[in-house]
Amino acid sequence: MTHSLSDRLEDLRAETRGCAEWVHLNNAGASLMPDPVVEAVQGHLDLEVSTGGYEAEALRQGAIEAAYGSVARLLGCAPQNVAMMEHATAAFVAALSSVPFEPGDRILTTRHDYVSNQIQYLSLARRFGVEVVRAPDAADGGVDAGAMADLARRLRPRLVAMTHIPTNSGLVQDVAILGQECRELGLTFLVDGCQSVGQMPIDVEALGCDFFSATSRKFLRGPRGAGFLYVSDRLLDSGVEPLFPDLRGAEWIEADLYQPDPTARRFESWEFFHGLVLGTGAAADYALGLGLDAIRERAWDLAASLRVRLDRIPGVRVLDRGSTLCAIVTCWVEGREPEEMVELLRGRGINASAVDLASGVIDFAEKGVTGALRISPHYYNTEEELETLAGTLEEMLPWTTRQPGVSGGGEGSPDLPSHPSDRSAE
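So that you can map any letter, position 290 of the sequence shown is 289 in numbering that gives the first Met the number 0, and since no number is skipped, the others follow by simple counting.
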């Protein structure tokens, strides 16, 4: 049952230490971690300091196994289907490496897939002669799921790959329609859930995916340097494995024979910091305790409220398109490049991020911009913080849109307060 998080906001912010210093609206980049996550990571590091790395792992083996269970509950699967990874890209690449591509095979994807994924598809095309096919967009933005399903039926690609929520816009793509089609056709379906996990409910069974890659640091509010990969029972039973397993994912049983781990851990590597695994488990528990429906409701409502505020500011253009929009808000500010706006906002104690042209070549070209200012609120943010951001942008506009050659700071320029971290104010 969905419940409001508004009445818990004070406690949630008290458990998020960074709220005292910053207006943090960069949750699509890396969220502020809550205290239970920080304590899980720091506690394990302290244990390694006092006992040694291998010994700390052995002492916390029960808690480490429990972290797999927590992530499994987050995804709606069993612990055996979860591999802990160094980050989302490592998870995505491990999944890609398991597909036995041959010349002439096709990868069916979207025009909005994450930039690193697009580069990896093109690398496969260059090295193995794979054809990359991008499904067309719907009129209201995002992939045309029906057209993509039709392409899957006609082309029978070796792999169907799709980013659930693109990094460069607020749209949520319809994954489940493709998952159902891929299951009926027996096609391997890889979903990049890097931006969706932690801001909305995820059920990998309902999505119909074979792989689901994600990170810990974004809306899940876990530590940076950690991620995970879901692998379906269908693929595990078929013997799918990464191209380069190591002694973590496989056992060397004879001189010329190895045996992959029977679970998704065949995709893992031996070396990673188990404190990050514990932190990821703590982040999953924290989100589950709050309720993913409630998280989605509050975070998406804040984003919708922000879009209304930005639409009222002359010189600011909201770029998000799609029938379903999430907690990522992208906009273009006339007269300033996004990277410049990020630095200006950071000097006022507001965290946002910039998405450059390379992150959305197709999308940004159609929108006629060279990038976007990306603002991503989460459930622990407040309406007052959104108003602070909007007010700061509005105050900046008179001098961000000056004619070339006219510097700020003169008559008519707003006297904006500086954040303590702004070195230019010293």
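All C-beta atoms, glycine included, are put in the ideal place defined by N, C-alpha and C.
query = In three-state DSSP terms, what is D191?
reply = Numbered from its first residue, the sequence shown carries residue 191 at position 192. The answer is strand: DSSP assigns D191 an E or B state.
Where M161 falls: helix, strand or coil (DSSP) = Along the sequence shown, read from residue 1 onward, the residue named residue 161 stands at position 162. M161: strand per DSSP, three-state reduction.
message = Can you tell me which residues form a DSSP beta bridge with E253?
response = Position 254 of the sequence shown, counted from the first residue, corresponds to residue 253. E253 pairs with L256.
task = Taking only runs that begin and end inside the region 303-349, name each unbroken alpha helix (DSSP H) of 4 or more residues, in chain order.
result = 337-345
request  = Would you list the residues sitting across from G221 in a DSSP beta bridge?
outcome  = What you label residue 221 is simply residue 222 of the sequence shown in a count that begins at 1. Looking at the DSSP assignment, G221 forms no beta bridge with any residue, so it has no partner.
message = Are the CB atoms of L305 and G366 within a distance shorter than 8 Å?
response = Looking up residue 366 in the sequence shown gives position 367. Looking up residue 305 in the sequence shown gives position 306. According to the sequence displayed, residue 366 carries Lys and not Gly. Cβ distance not < 8 Å, so K366 and L305 don't count as in contact.
Closest residue to A275 among T323, G52, I201 (Cα-Cα distance) = Here residue 275 refers to the residue found at position 276 when the sequence shown is read from its first residue. Looking at the sequence provided, one finds Leu at residue 275 rather than Ala. Selected option, being the one with the closest Cα: G52.
query = By Cβ distance below 7 Å, which residues in the same chain neighbour D136 in space, the five residues on each side in sequence not counted?
reply = The residue given as residue 136 occupies position 137 in the sequence shown. Same-chain partners within the cutoff: R110, V142, D143.
Inter-residue spacing [alpha-carbon to alpha-carbon] between M161 and L31 = Position 162 of the sequence shown, counted from the first residue, corresponds to residue 161. Position 32 of the sequence shown, counted from the first residue, corresponds to residue 31. Those two C-alpha atoms are separated by around 27 Å.
task = May I ask you to report which of helix, strand or coil DSSP gives S212?
result = As a first step, residue 212 must be located in the sequence shown, where it is residue number 213. Of the three classes helix, strand and coil, the one that applies to S212 here is strand, per DSSP.
Assigned secondary structure, M147 (DSSP; H/G/I helix, E/B strand, else coil) = Locating residue 147 in the sequence shown gives position 148, where the first residue counts as 1. Correct three-state label for M147: helix.
task = With G278 as the anchor, note down where its alpha helix (DSSP H) starts and where it stops.
result = Sequence index remark: in the sequence shown, residue 278 carries index 279 (1-based). Counting along the chain, the alpha helix (DSSP H) containing G278 begins and ends at 273-289.
query = Using a Cβ-Cβ cut-off of 8 Å (strictly less than) and excluding sequence neighbours within five positions of E387, which residues of its own chain qualify?
reply = On the sequence shown, residue 387 is found 388 positions in, with the first residue counted as 1. It is worth fixing the name first, because residue 387 is Thr in this sequence and not Glu. Cβ neighbours of T387 beyond the five flanking positions: V22, I349.
request  = Quick one: grab the DSSP three-state call for E386.
outcome  = For this step, residue 386 is matched to residue 387 along the sequence shown. Three-state result, E386: helix.
query = How would you call S122, buried or exposed, if buried means at least 16 neighbouring beta carbons within 10 angstroms?
reply = Translated into the one-based positions of the sequence shown, residue 122 becomes position 123. Under this definition S122 is an exposed residue.
task = Report all residues from its chain with a CB closer than 6 Å to the CB of P313; omit the five preceding and five following residues, and keep chain order.
result = As a working mapping, residue 313 is identified with position 314 in the sequence shown. Contacts found: none.
Among P376, R125, L235, T369, nearest to W299 - alpha-carbon criterion = Residue mapping note: residue 299 aligns to position 300 of the sequence shown, counting from 1. It is P376 whose Cα lies nearest to the Cα of W299.
task = With DSSP as the reference, label N116 as helix, strand or coil.
result = Translated into positions along the sequence shown, residue 116 becomes position 117. Helix, per DSSP.
ask   = If you follow the alpha helix (DSSP H) that R233 is part of, which residue opens it and which one closes it?
value = Translated into the one-based positions of the sequence shown, residue 233 becomes position 234. Element bounds for R233: 232-237.
task = Could you check what DSSP says for I106 in three-state terms: helix, strand or coil?
result = In the sequence shown, counting from the first residue as 1, residue 106 sits at position 107. In the structure shown, I106 sits in a strand (DSSP, three-state: E or B).
key: Sequence-distant residues of the same chain with beta carbon closer than 8 Å to T1, five excluded per side   = Start at 1 with the first residue of the sequence shown, and residue 1 comes out as number 2. Low confidence applies to T1: its pLDDT is 41, below 50, so where it sits in the model is not reliable, and the reading given next is rough at best. Excluding sequence neighbours, T1 sits near G290, D292, A293, E296.
query = Under three-state DSSP, which class holds A25?
reply = Here the question's residue 25 lines up with position 26 in the sequence shown. Checking the sequence, you will find Asn at residue 25 rather than Ala. Strand.
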